[in-house]
Structure formats: structure tokens, C-alpha cells
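Residue numbering for the sequence shown follows the working numbering, beginning at 218 and increasing consecutively. Glycine residues also receive a C-beta, built at the ideal position from the N, C-alpha and C atoms. Every value quoted in this text rests on a predicted model; they were computed, and no experiment measured them.
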Amino acid sequence: MDRAVTVPLLRVGTWCVDPTAGKISRDGETIRVDARVMRLLQYLAERNGQVVSVDELLDRVWSGVVVTPDSVYQAVASLRRTLGDDPRQPTYIANVPRLGYRMVATVGPWVDPATPEDPPSVSAGDLQNVTDPPERSSPNRRRMLLAGVALGVLLLAASALLIDRSADDEAAVTPVATGTSPGSIAVLAFLDLTEEMDQEYFGDAMTEDLIDQLSKNQGLRVTPPRSSFAFKGKQATVGEIAAALGVAYVLDGSLRESGSTLRVTARLIRADGGFIVWSQSYERPLGELPTIRDDIVSHVVEALR
């Protein structure tokens, strides 16, 4: 398809979303968004007000890519951080326990604030079964219908363009700084993906313990906690973080809770190509942090060797 196609801007809450440039902006602030996260935002916006399951997101946003539900959880967490959304009191993406996620923000075509009259926002329900207005329909009704048609075209075009771009965008990795030691590694703050989002302290403790244990292995150079936590909640690629910290590998992970069981997922990523060298999930009763930590350390050291 023609890569020169420009997709109209979209309003999501107070953000102006530019799918073509892969950016969102608000009040003079502009943030670049990863291609996959942008596709997630587009898909949820297209179904504004509807509950979208994790399986549906895997099928439509991650189509053709073999990933686990963890990829969805991490992408949603990343999108929430980018939008400045509080999962406990969401104004953009609400978590529907055991069902999925729902976009709760106002969605519609973007109209410059300088425009005298701002078209009304449109929900997903307004996009369905749009018909021509009757001859005597009011001007407001006509504007609503036209806005609905415009949003439908916008979302279809954006989805097609992002699918075409995603492979190229995700393959792009910032080069690691020249002279980086092959035995250098940074441990990023583990993401709290539990349902109540109340295990952040546990993830931070896991991160600090991993840094401490890995630094005791001869031949490994590990960045200190202060350097690693500087990137917590920031939007940056693995390559950009590795280049900034001067490391060859990045270890990240997430926490999920199911009843009395804690699931910890960890990944070791080679920064110069963005490839996952090693990945493992651990399911243990709550309170067995030391055991999980020791397992991760031994597996990471083995993978590096």
C-alpha cells in the first residue's frame, strides 16, 4: 500500500492522536508511541465503551505474532503511563475484572481548538448502522452523523497503515554505545500487572534484589539501582535505555497475582538487536521472593555465558 497516506488526527480524551507520525500530543507536549501500543490505542478507541477481551486484543492487535497475554498487560500498562491514566481511577482505560479492558475516554475526530465549533464526540455505538439523515433532520444531527462517518474512515485507514508499518517500526533498535562490555546488564523495574495494581513495592524489591545478586557474579557489570529506576515509567526502547546506561543486555519483567499464587515473568534482551535471549515464568506462593529471585539470577547468568 502507499506509505504516503496520511491518516486524519483523532481525539482521545484530551490527547490529539497522530497515527501517521506515531505520536500523541497535548498542551504543547508531544510523546512518541511504539507502533504496537499505538495499534492498541486505535483498537480500543474504535470500540469506545465496549469491553474488549485479552484474547480479542491478541487476535487483532498482535495478529500474526505469537505472544502471551503478558504482552497485552505490558502494552496496556505502557499506554496508561503514556496517557497519564490512573488504573485505580481510570479516565481512559478501565480494567473489567476477568473480562478485559474498556476505553472510557471521549473519542472523536480531532478538531483544532481554534475552530469556532467543535464537532461532538462519537462513541463506538454511534459508528454502527450509520444511515443518511432524513431531509428535515436538525443541523446537530447531521454533524453527529458526519462525525461518525469520518471517525469510521479514520479508524479503518489508521488500522491498515499501522499494520503495514508495525514490522518496520518494531525492528528499529537504537544501537548500543560503542565499546560496551558484553558482560554488562541493566535490570529494569518489574511492572506491577496484578489486578489491583498494589504490588509495586514487591516489584521494586525484586528488582533491587536481582541487581544485588547479579552484581556478586564475577565478570558481570550491573548498573546500580538508581540508574535503572531512572527509567521507571518512562517511554524508551530497550536500545535507547541500553545506550544511555552503556550495557549490552537488559533484564525486565512483570508480576501477576492469582489468588495466593504469584507469577513472575522475566526476560533477558540483547540490546543491539532487540532479541530475547531468555524468558521464563515462575509461579510460586506469595512470600517466596528469595526463591524466585535466586532462580532468575542463576538462569540469567547461564544465558549470558
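**Request:** Under 8 Å Cβ to Cβ from V268, same chain only, skipping five residues before and after it: list those, please.
**Result:** In the sequence shown, the residue the question calls residue 268 occupies position 51. Only V313, L316, G317, Y318 and R319 meet the Cβ criterion.
**Asked** Out of curiosity, what's the CA-to-CA distance linking R501 and R480?
**Response** Along the sequence shown, one-based indexing puts residue 501 at 284. Along the sequence shown, one-based indexing puts residue 480 at 263. About 7 Å.
**Asked** Would R487 be called buried (16 or more neighbouring beta carbons within 10 Å of its own) or exposed?
**Response** Translated into the one-based positions of the sequence shown, residue 487 becomes position 270. R487 should be labelled buried.
**Prompt:** Are there 16 or more other CB atoms within 10 angstroms of the CB of V493, so buried, or fewer, so exposed?
**Reply:** Position 276 of the sequence shown, counting from 1, holds the residue named residue 493. This sequence places Ile at residue 493; Val is not what is there. With fewer than 16 Cβ atoms within 10 Å of its Cβ, I493 is classed as exposed.
**Prompt:** Which ranges does the alpha helix (DSSP H) cover as unbroken runs of at least 4 residues, wholly within the stretch 414 to 482, from first to last along the chain?
**Reply:** 417 to 431, 442 to 446 and 455 to 462, all fully within the stretch 414 to 482.
**Asked** At which residues does the alpha helix (DSSP H) containing P286 begin and terminate?
**Response** Your numbering for residue 286 matches position 69 in the sequence shown. Run containing P286: P286 to L300, per the alpha helix (DSSP H) assignment.
**Message:** Under DSSP, the beta strand (DSSP E) around L227 begins and ends at which residues?
**Reply:** Here the question's residue 227 lines up with position 10 in the sequence shown. Per DSSP, L227 belongs to the beta strand (DSSP E) from L227 to V229.
**Prompt:** In terms of DSSP beta bridges, what is Y499 paired with?
**Reply:** Against the sequence shown, residue 499 aligns to sequence position 282. Answer is V481, bridged to Y499.
**Message:** Quick check on the DSSP output: the beta strand (DSSP E) that includes A311 runs from which residue to which?
**Reply:** Within the sequence shown, residue 311 is the residue found at index 94, counting from 1. Run containing A311: I310 to V313, per the beta strand (DSSP E) assignment.
**Message:** If the criterion is Cβ atoms closer than 9 Å, does the pair I402 and V467 meet it?
**Reply:** By 1-based counting over the sequence shown, the position of residue 402 is 185. By 1-based counting over the sequence shown, the position of residue 467 is 250. Yes, they are a contact pair.
**Message:** Checking 9 Å against the spacing of the C-beta atoms, do H516 and A465 come in under that value?
**Reply:** The residue given as residue 516 occupies position 299 in the sequence shown. The residue given as residue 465 occupies position 248 in the sequence shown. No, these two residues do not count as a Cβ contact at 9 Å.
**Buried or exposed by the 16-neighbour rule on C-beta atoms within 10 Å, applied to R264** = Translated into the one-based positions of the sequence shown, residue 264 becomes position 47. Its Cβ being crowded by 16 or more others within 10 Å, R264 is buried.
**Item:** Coarse secondary structure for T323, derived from DSSP in three states
**Value:** The sequence position of residue 323 within the sequence shown is 106, counting from 1. Note: T323 maps to coil in three-state DSSP.
**Straight-line Cα distance separating W495 from W279** = Looking up residue 279 in the sequence shown gives position 62. Looking up residue 495 in the sequence shown gives position 278. Rounded to whole angstroms, W279 to W495 spans 21 Å at the Cα level.
**Request:** Measure the C-alpha to C-alpha separation of L258 and G490 and round it to an integer number of angstroms.
**Result:** Against the sequence shown, residue 258 aligns to sequence position 41. Against the sequence shown, residue 490 aligns to sequence position 273. Approximately 26 Å between the Cα atoms of the pair.
**Asked** From V518 to L405, what does the alpha carbon distance come to, in whole angstroms?
**Response** Translated into positions along the sequence shown, residue 518 becomes position 301. Translated into positions along the sequence shown, residue 405 becomes position 188. Answer to the nearest angstrom: the Cα atoms are 16 Å apart.
**Request:** Identify the continuous beta strand (DSSP E) that holds D235 and give its terminal residues.
**Result:** Counting from one through the sequence shown, the residue named residue 235 turns up at place 18. Where D235 is concerned, the enclosing beta strand (DSSP E) stretches over W232 to D235.
**Asked** How many whole angstroms separate the CB atoms of L300 and Y309, which I take to be in contact at a CB cut-off of 8 Å?
**Response** As a first step, residue 300 must be located in the sequence shown, where it is residue number 83. As a first step, residue 309 must be located in the sequence shown, where it is residue number 92. Between Y309 and L300 the Cβ distance is about 5 Å, and since that is below 8 Å, they are a contact.
**Message:** Please classify S445 as buried or exposed, where buried requires at least 16 other C-beta atoms within 10 Å of its C-beta.
**Reply:** Residue 445 sits at position 228 when you count from the first residue of the sequence shown. Answer is buried; the Cβ neighbour count reaches 16.
**Request:** Starting from the C-beta of L410, find all residues in its chain whose C-beta is less than 8 Å away, skip the five residues before and the five after it, and write them out in chain order.
**Result:** One-based indexing of the sequence shown puts residue 410 at position 193. Cβ neighbours of L410 beyond the five flanking positions: D287, Y290, Q291, A294, S471, L472 and R473.
**Prompt:** Helix, strand or coil: how does DSSP classify A238 here?
**Reply:** Sequence index remark: in the sequence shown, residue 238 carries index 21 (1-based). Note: A238 maps to coil in three-state DSSP.
**Request:** Using a threshold of 9 Å, state whether the C-beta atoms of R510 and M414 are closer than that.
**Result:** Within the sequence shown, numbered from 1, the residue matching residue 510 stands at position 293. Within the sequence shown, numbered from 1, the residue matching residue 414 stands at position 197. By the CB criterion at 9 Å, R510 and M414 fall outside the cutoff.
**Asked** Whose CA, out of G450, A520 and I513, lies closest to the CA of L427?
**Response** One-based indexing of the sequence shown puts residue 427 at position 210. Considering only alpha carbons, the answer is I513.
**Prompt:** In this structure, does DSSP put R526 in helix, strand or coil?
**Reply:** Missing from the structure shown is residue 526; the chain here goes from 218 to 522 and no further.
**Asked** Thinking C-beta only, is I241 closer than 9 Å to V229?
**Response** Within the sequence shown, the letter at position 12 stands for residue 229. Within the sequence shown, the letter at position 24 stands for residue 241. Closer than 9 Å, so yes.
**Item:** Exposure label - D302; buried when at least 16 CB within 10 Å
**Value:** Residue numbering aside, residue 302 sits at position 85 when the sequence shown is read from its first letter. By the 10 Å Cβ count, D302 comes out buried.
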